Amino acid sequence: MEISGQQYEPVIGLEVHVQLNTKSKIFCEDPVKYGADPNTLVSPVSLAHPGTLPVVNRAVLGKAVKLGMALDCKIAKRMYFDRKNYFYPDSPKGYQLTQDRTPICKGGGVNIKTESGDKFVSLDKIHMEEDAGKSIHVEGEDFSKIDLNRAGTPLLEVVTDPCMATPAEVALFLNYLRRLVRWLDISDANMEEGSLRCDANVSIKPIGSEKLGNKVEIKNMNSVRNVQKAINAELKRQAELVRSGETIISETRLYDLEKNQTRSMRTKEALNDYRYFPDPDLSEIELSQDFLNEIKTAMPELPEQREQRFINDFGIEQEKARIICEEISQAEFFESLLKAGTEPKVASNWFVGPVKGFINQNTEIKLENINPKALSSLIELSTSGKVNQHIAVRELLPGVIVNGDMPEKLAAEKGLLIESNKNELLDWVDEAISQNPEKVKAWKNGKKGLSKFFMGEVMKKSKGKADPRQTISLIEEQLKNQ
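Each residue of the sequence shown is one higher than the one before, starting from 5 at the first, in this note's numbering.
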């Protein structure tokens, strides 16, 4: 961007909080559940009663290591938790347990595919911490309510280096991370429910300068799209400040979606304001090599690896492979279709098309409840010409997906199997031609695309039972004889 004749470039880093899908909280046995009645998922530990002591949830360690391995981080063998001291009503202890000096993961990063080529987004660290409760501000009242159900919920904070230059790159990284944590069964990563939260650190600097500008942290963004919009709004604000000769203040700002602008929340605290020190109630954690090996052995094939394998080994189109590998359950189900005997390209067409379309319209259906052998049999019925594909999708697919019906039996019961009686087919074709003389004339004058019109008429008369290959051949033969 050009400001007063000088070229500036944005510098963007992210702090992404991933809420883990463990059964219990990070330091006690309180259950983790979204949408429960306020203050029903609490205990003396999460309420910070005197004398209560925290115990680290082993599952949190496992999920942190799993994400670190997937992002090519260096995993710490020894670590401890720090107290981050601050006062806020939704934190009953008066401090947060986090990892300041010894994060569980350091370094690493991912390659994202931008319009201008691959870009490496490097990570500073991933650390474990506990979430705070939730303050509920009552409109028109001079008090706030506190819900401590969320207090103690385990989080992983993924901190990138300030290495992104556009909101589009930020969106690509967030979408990559969201797919990855779902794939690894670490989090449902639902931004609307707060299980994936993103703060963006935004600054601008003259191109070529090694010195970064004062960074502004932006909060209150509940979707990837809103993160992009907030960053764009903040970059515009900072450019206007520089253009008018004003100083950009290092501060925290909230994004206002309705006004599409950021507004000041507070100036940035210096790091020592939090008075970090090791928590005396938790001993140092040491990860054994056996523990690390156990997690590494159980790691699934990563989404980009499986996507590439589908392209290389099965010849699937890149976009279809990407869609199939959006979720691990989809990729697993797709491979079960192949094991059931469906040809890969045909399976990808059916999965990305009618199958995914039906599931998107019926969100209560889970892939793991669909019988892949029944679906494979349906696809075979269609590709072999025993059932018209349109009829198979409309009349048979719902029963196969919802009830696990065997398609050939269902097709026979509904009278949908294609009949090869040529005399009956000839009657349907002749009837379609005789009822549409103007279309026949247009076809003979060169509008050969009207063959599809006659095909549609025959399919209506046969109720989908006519063999498409025989039908189109017979239609063109009869039209030539008119």
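Heads up, the beta-carbon is just placed ideally off N, CA and C, and yes, glycines get one too. Predicted, not measured: the structure shown is a model, and the values here were computed from it.
At a cut-off of 3 residues, the continuous stretches assigned as beta strand (DSSP E) that sit fully inside the region 184–219 are 200–210.
Under the DSSP assignment, T387 falls in the alpha helix (DSSP H) whose first and last residues are P376 to T387. Within the region 263–297, the complete beta strand (DSSP E) segments of 3 residues or longer fall at 265–271, listed in chain order.
Taken through DSSP and simplified to helix, strand or coil, E480 comes out as helix. DSSP links D122 through a beta bridge to K117. Residue burial is scored here from C-beta neighbours: N427 has fewer than 16 other C-beta atoms within 10 angstroms and is therefore classed as exposed. Taking the Cβ atoms as the reference, I328 lies roughly 11 angstroms from Q322, outside the contact range of under 8 angstroms. Residue pairing of L57 in beta bridges, as defined by DSSP: absent, with no partner found. The residue from A243, K443 and V163 with its alpha-carbon nearest to that of M132 is V163.
Following the DSSP letters along the chain, one finds D151 inside the beta strand (DSSP E) bounded by residues S148 to D151.
Rounded to the nearest angstrom, the Cβ distance from R154 to Y280 is 22 angstroms, too far for a contact under 8 angstroms. Listed in chain order, the alpha helix (DSSP H) elements of length 4 or more contained wholly in the region 227–251 are 228–247.
Per the coordinates, the alpha-carbon of E336 lies some 40 angstroms from the alpha-carbon of L286. Of the residues P96, P171, L258 and L71, the one whose Cα lies closest to the Cα of R186 is L71.
The C-alpha of F85 is placed about 18 angstroms away from the C-alpha of P96. The region 8–24 makes contact with the region 188–206, as at least three CB pairs between them are under 8 angstroms. In this structure, K78 lies near G111, with their beta-carbon atoms less than 9 angstroms apart. Per DSSP, the beta-bridge partners of L127 are T164. For R313, the uninterrupted alpha helix (DSSP H) run begins and ends at P307 to F318, by DSSP. In terms of Cβ geometry, A63 and I108 do not form a close pair [threshold 9 angstroms].
Beta-carbon to beta-carbon, G408 and N375 are separated by about 5 angstroms, close enough to satisfy the 8 angstroms threshold.
Contact annotation: the region 98–107 touches the region 129–143, with at least three C-beta pairs closer than 8 angstroms.
In this structure, G345 sits near E384, with a CB-CB distance shorter than 9 angstroms. Annotation for L176: I116 place their beta carbon closer than 6 angstroms to its own, counting only its chain and skipping 5 residues before and after. A straight-line Cα-Cα distance of about 44 angstroms links E412 and A74. Secondary structure at L400: helix, using DSSP grouped into helix, strand and coil.
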